[in-house]
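Visitor: My questions all concern the structure below.
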Amino acid sequence: MAPLEGGLLAEVADAHGEEAHYAAHREELLEALRGGRARLEPRGEGGVGLLNQGATCYMNSLLQALFRTPEFRQLLYRWRFDQAMHGDPARCIPLQLQRLFAQLQIANVSAVSTKPLTAAFGFSDAESREQHDVQELCRLLFDALGRSAAELEEEINRLYAGKTTHFLRSREAAEDGHVPESRRDEKFLDLQVPIEGCSTLEEALQRLVEVEVLNGDNQWFCDELGRKVDAEKGVSFGVLPSVLCLQLLRFVFDLTTMRRRKLTEALSIPLEADFSFLLGAPGSGRAVFALTAICCHSGTAHGGHYHAFIREGKDGTWRDANDAAVRVVGPDHERGLFPPRKAAGTDGTDAVVEGPNAMSSSDAYFLVYRRTDREVPEVPDESVPEPHRSELLEENTRWAALQRAYQLHRQLMEIKVYAPIAPQLALRRHVAQQLRGLVSEEQEAAAGIREPPAVVLNVHSAKSVAAVQQQASEAFIAQAERDGEPWPWAMLLSLNERSKGSRSRLRRYEWCSGEARMPLSDEMSIAQALRSSEAIGSPNAPVVLEVRSFGEEFEEWGPSLHRVIVVRWDPANRAIGLETRDVVALRLPQAPPRTAPAPAAQAPTAAEGGNATAEVPAAAADTDAFDEEAMPSLFDNTSPTVPAAPAEDTTPSVGAVRAAAAAAFGLEGGAALALVAMTGSHAGQPLLDDEQTLLQALRDGYGQCGNGDIICAEVAPTDGGKPQSAVLYEEVRNTAHLSFNHPDRPEFTEECSVSISMDATLAELKAKIAQQLGLDAGQLHFARAHKAPQLKDETKTLRTAGLAGSSHIFVGHGAPCGVDENLLRVALYCPAEKGGGAAKARDALSHAAKGASSIRSLREALVTPLLRWCQEVQASGSDAPFASEGLQWKRLRIRDGQAGKHFAILRDDRTVRSSLLGLVDGRQVAVQVLDRDEELTPDDLILHVRPWRYETGSLFAATEWVFRKTRTIAELREELTARFRGILEDAASATSDSAAADGAPDADAPTQEDRLELAALPSAGPPLTVKRCASLKWVESPLNAAAAEDLQRPLAEVPEVRDGATIVLRSALRASRGPPAEAAKGGGKGPGAPGTALPKAKAGAKARASSLGTAASRRAAVASVPARRERALVIEVAHPDAAKDAAAEAAAEAEAVTGAAAGG
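Note that UniProt numbering has the sequence shown beginning at 1, numbered continuously upward.
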């Protein structure tokens, strides 16, 4: 739908004053549209709907059901408002409900709002967005009406109230022969009907009146008989109301899931039924009820949507009231909703007969039945009370005028019509934008490139194209005269008006590229023409007004013509021309389809900027053999470049473009015209081969040669040199201007600058920079930034190396790494100090290493650089970082220095690439200088030993231990005992502690000798804590074996001892005396040690886990957690009936006095 703002008000092809009517109501219509379109649509056949405020569908369904109950509408219309008695009209619930019903009856709009009524209820905006139960609202609404006016309460009770009697009757008679019985009478306005396990409504109602027998352990204690007796418990109906409301209990609480759920079983609901079985008393007669409303709830027990099927009065027409939409249910739909019931025949056969019509629904929730023996009253429009009726009739007149204007507004189309010069202006603007940098802003301003003029017309959709064209011409002429527009095209428009439009036409227009497309047929309406012209844009797409001069023919257009943009070179200004005469859009016939030749199907090499394809060797005969170096890197995200399938080429040839451009620019001899591509993959290069197609010349035959590609035409140089436009492109677009630093001053990134072709190689760039700095090019390397990976392949061009769009390059000392090398950051590893702290690494140097080389070769290669770095540190006046005298490669241990790797030791037999996953430039390794020679072989195990001081609960930090797995358990125990003797008890203290424990010293007691107990656990798993240490299998551990033959087992035969395993040590004597001591607060070492504070997230998780406990306690916790409580529905009565309140107070006082007297 077109917006009304902006544009000129078009004439509408209607002879009955529609234009004047629309203009007179335009501003009022604008204001009405801001409030929605519900009142701008006339009343539908089904009636007036109710707008949903967010979640008030439950209210809308009930209000429609009450409105379609004539008796209720009649009693509400009889009530009269008295401000002295009922207070503020805005807070008077009967008055606002009365006005809403009046709107539903006589308003000529499609839907009305319930906001005045909810405001009278005291609802806030938030409460209007919260869904409630329709039955709950019905009870509260009846109560609010009764509290507002006593006469309304009487009328509602007369119409909706029924009577039930709850009884409890003994099955034994008293001595005098009467049967003891307890009875309680109750009034009801609606019945709640359990439906679980029922297939029909009658079955569910039958269960309500079924008598329950109380016997056995469930006997009733009868006060009159003074003992427990068998009894009957039930409910009987004394009176059924004229209008019976039934709530089907679809929402139940599931004790298994402890959640509320909805019963979705279908229930058969009869259109007409005899409910006399509820009355029970014989001879009570028939009580036939007819179904008049069904409020349906679709969704779950936690939310959904309400709508209502309602039957209207005597004609029996069903309507579907769904918020703002109220539709009449057609005969076919009605037969589908209420088909006849299928029942078994009474003749004893399997025949099926049709019963009464019924609705089988799994969504029916609230039902309204009316007695058929009551006369259905008529409620004519004249019964609507004043002043509602007069006000609504006046509003109907006002809204009828706005609805008429709105219907006209819906038939209007907003069309933007561009001036005849728009295609040329847009074409030149497109060229200037595409050749930004090649064309200066001053040149663009001098050429007069601006936004093309246009007018916006609001026209009737049935208006002809010729009429719209004439209207646009008049608008442009007026605009040209007003703005002082130059006369050439405006004069043509004026002449066109005199010739009755024979020299102009409208065409679809693409404003971004400036291309005028298919012409619109004058005989068609503007809406038909825009929809049928092309499948582009929307019906409100822009058009352009095209005007031809005398003796000039309109431009030929067709989908078979290919558009080529050609610009002329201006030799006088040595620039690309942007004047009107310099830019043309050629439309050339498409060539017959032909397939472009496919280039060699191979991926570009690394030097050409392509992605190198990883070669995977053929599988070896021995499938068990695994060569990790032959596998492609997991971190290599390159993929083979697969050439695209050659496109079907219908573009014109370069020769055809050359001839057409020469003719367009008035140049004689097409062979003397040079063409240079300004866009495409070959931008900046001359087009020399006339036999090539444009797709081949501009894009190597792939993809599409778009209508926006630009070619520059100029007179070819006589000396056979490069065309001037190609030279300009090379200077502007193909030249990289880079700033760089001096290698001695890496922080000054813009100290120097250089300009070079983007097609130059990195080696040529380095030679040029080295010459400018006066340095040796062989001792320099490039990187995109400081500490970034080196640019190693110097055969790449700046374009393929990704530097075409860069403005800076980093220059560093040192020859670049080879293509197969990576620059490692080497740090000096400093072990954790005794008594606390963590291991650290100190940056030392950079070293180039091949990924295929071994860790041993890396150790050998690092000796010389480390010694050189040590000398530099000493020369600077600092202490030597390590003892360099006699340093050999065997005293170097290589570790993984990447964060999160915990300085893992790298083995000599592994390669650099397999040891350092994700190997790239800048990968950090740490070097540890040892005090003895070390050669790690495949037989060596790297173990982490953690002493546990049992008596204090202290768990010490891990110590690395290298041990040959061919050695025995006894040798391992011997070495560990020698190293960690401090956690053992000496013989004297062990004997005294044992005597003290026994209570009497014994001089002849044998000396107890302590020993280590060992337990191994894998490196993976939860953090090691004192609690986890206590739960280890110390007794079963093979490391604690006592038999000599078990101690001679090699470690290779012990499954628990693997590379990277942790060995926990403790004192055997101290462990034999009882449970371990709890760690003192803060007394642990390292993460997971006793007393170490857990991170907040982990501590919170641990607290939650401990609070839940076992599975049983967790279930209990779930059951005890209260569910989210829904906000209770409350209707506030701002002005209750004073007489009713006084009567209620008097009744309460009388009841209190009666109770006191009975108590006395």
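Glycine included, every Cβ here is placed at the ideal spot set by N, Cα and C.
1) Which class does E885 belong to by DSSP, given the choice of helix, strand or coil?
2) In whole angstroms, give me the CA-to-CA distance for L762 and S807.
3) Relative to the C-alpha of A804, which candidate in D759, F980, P380, N157 has its C-alpha closest?
4) Give me the DSSP bridge partner(s) of residue 1175.
5) Mind pulling the alpha helix (DSSP H) runs of 4 or more residues that sit fully within the segment 114–161?
6) Out of I855, P831, V826, state which residue places its alpha-carbon closest to the alpha-carbon of D843.
7) Ends of the alpha helix (DSSP H) at M413?
8) Between H847 and the ligand SAH, is the CB less than 7 Å from at least one heavy atom?
9) Pick out whichever of P881, V564, A161, F72 has its Cα sitting closest to the Cα of L866.
10) Let's see if you can read the secondary structure: which residues bound the alpha helix (DSSP H) around V431?
11) Go ahead and label residue 1190 buried or exposed: buried means 16 or more other beta carbons lie within 10 angstroms of its beta carbon, across all protein chains shown.
12) Straight-line CA distance for D933 to R893?
13) Determine the direct distance from the alpha carbon of L698 to that of A325, and round the result to whole angstroms.
14) Is the segment 1051–1066 touching the segment 956–966 in the sense that three or more CB pairs, one from each, lie closer than 8 Å?
15) For E796, is the classification buried or exposed, using 16 other Cβ atoms within 10 angstroms of its Cβ as the cut-off for buried?
16) Taking the Cβ atom as the reference point for each residue, do C57 and D323 lie within a distance shorter than 8 Å?
17) Between which two residues does the beta strand (DSSP E) containing T735 stretch?
18) Of the choices A664, G877, E394, whose alpha-carbon is the least far from that of I106?
19) Using only alpha-carbon positions, find the residue among A467, S753, G982, F237 that is nearest to E523.
20) My guess is that E444 and A426 are in contact by the Cβ rule of under 8 Å, so how many angstroms apart are they, rounded?
21) Comparing C-alpha positions only, which one of R261, G280, L62 sits nearest to G238?
22) Provide the residue(s) that pair with S461 in DSSP beta bridges, ordered along the chain.
23) Would you call the segment 52–70 in contact with the segment 301–309, where contact means no fewer than 3 C-beta pairs closer than 8 Å?
24) Can you tell me the Cα-Cα spacing of P589 and G680, whole angstroms?
25) Scan the segment 1004–1076 and note each continuous alpha helix (DSSP H) run of 4 residues or more that stays entirely inside, going in chain order.
26) Relative to the C-alpha of L936, which residue among D274, D909, T749, Y22 is closest?
27) Quickly, what does DSSP pair A677 with across the bridge? List them, please.
28) So, under 8 Å CB-CB, V134 and C295 are touching, yes? Tell me the CB distance rounded to an integer number of Å.
29) Within the chosen definition, does the segment 778–794 reach the segment 815–824 through at least 3 CB pairs nearer than 8 Å?
30) Return helix, strand or coil for P89, following the three-state DSSP convention.
31) Alpha carbon to alpha carbon, what distance is there between L887 and V863?
32) Any chance you could list the beta strand (DSSP E) runs of at least 3 consecutive residues sitting entirely within the segment 246–277, in chain order?
33) In angstroms, rounded to a whole number, what distance separates the CA positions of A20 and T317?
34) Could you tell me if F810 is buried or exposed, where buried requires 16 or more neighbouring beta carbons within 10 angstroms of its beta carbon?
35) Tell me whether K890 sits in a helix, a strand or coil according to DSSP, three-state version.
36) Hey, is the segment 325–336 in contact with the segment 284–291, meaning 3+ C-beta pairs nearer than 8 Å?
Guide: Short version:
1) E885 falls in the coil class under three-state DSSP.
2) Taking the straight line from one Cα to the other gives about 15 Å.
3) In terms of Cα proximity to A804, the closest of D759, F980, P380, N157 is D759.
4) Limits of the chain in this structure are 1 at one end and 1160 at the other, which puts residue 1175 out of reach.
5) With a minimum length of 4 residues, the continuous alpha helix (DSSP H) runs that stay inside the segment 114–161 are 115–121, 125–128, 134–148, 150–160.
6) Checking every option, the nearest Cα to that of D843 belongs to V826.
7) In the DSSP assignment, M413 falls outside any alpha helix (DSSP H) and within the unbroken beta strand (DSSP E) covering 412–418.
8) With respect to the ligand SAH, the structure offers nothing, as it holds no ligand at all.
9) The shortest C-alpha separation from L866 is found at P881.
10) Its alpha helix (DSSP H) spans residues 422–434.
11) In the structure displayed, the chain extends from 1 to 1160; residue 1190 sits before or after that span and is not available.
12) In this structure, the straight-line span from the alpha carbon of D933 to that of R893 is close to 10 Å.
13) If you draw a straight line from the Cα of A325 to the Cα of L698, it is about 59 Å long.
14) When Cβ pairs closer than 8 Å are counted between the two stretches, the segment 956–966 is seen to touch the segment 1051–1066, the count reaching three or more.
15) The sequence shown places Lys at residue 796, not Glu. Buried, by the Cβ-count rule.
16) Yes, Cβ-Cβ distance for C57 and D323 is below 8 Å.
17) Following the DSSP letters along the chain, one finds T735 inside the beta strand (DSSP E) bounded by residues 735–740.
18) Comparing Cα positions, the closest option is E394.
19) When only C-alpha atoms are compared, the closest one is A467.
20) At roughly 14 Å, the Cβ-Cβ gap does not stay under 8 Å, so E444 and A426 are not in contact.
21) The candidate whose alpha carbon is nearest that of G238 is G280.
22) Paired residue(s): none; S461 is not in a bridge.
23) With a cut-off of 8 Å, the segment 301–309 and the segment 52–70 count as touching, because enough Cβ pairs lie within range.
24) In a straight line, the C-alpha of P589 is about 21 Å away from that of G680.
25) Fully enclosed alpha helix (DSSP H) runs of 4 or longer: 1026–1030, 1044–1047, 1068–1072.
26) Among D274, D909, T749, Y22, the Cα nearest to that of L936 belongs to D909.
27) Beta-bridge partners assigned by DSSP to A677: I711.
28) Going by Cβ atoms, the distance from V134 to C295 rounds to 5 Å, so yes, they are a contact pair.
29) Taking 8 Å as the limit for Cβ pairs, the verdict is that the segment 815–824 does touch the segment 778–794.
30) DSSP places P89 in helix when its eight states are reduced to three.
31) Distance between the alpha carbons of V863 and L887: 7 Å.
32) List check, beta strand (DSSP E) in window: 251–254, 259–262, 267–270, 272–274.
33) Taking the straight line joining both Cα atoms gives about 41 Å.
34) Buried, because 16 or more other Cβ atoms sit within 10 Å of the Cβ of F810.
35) Helix.
36) Contact between the segment 325–336 and the segment 284–291 is absent, because fewer than three Cβ pairs lie under 8 Å.
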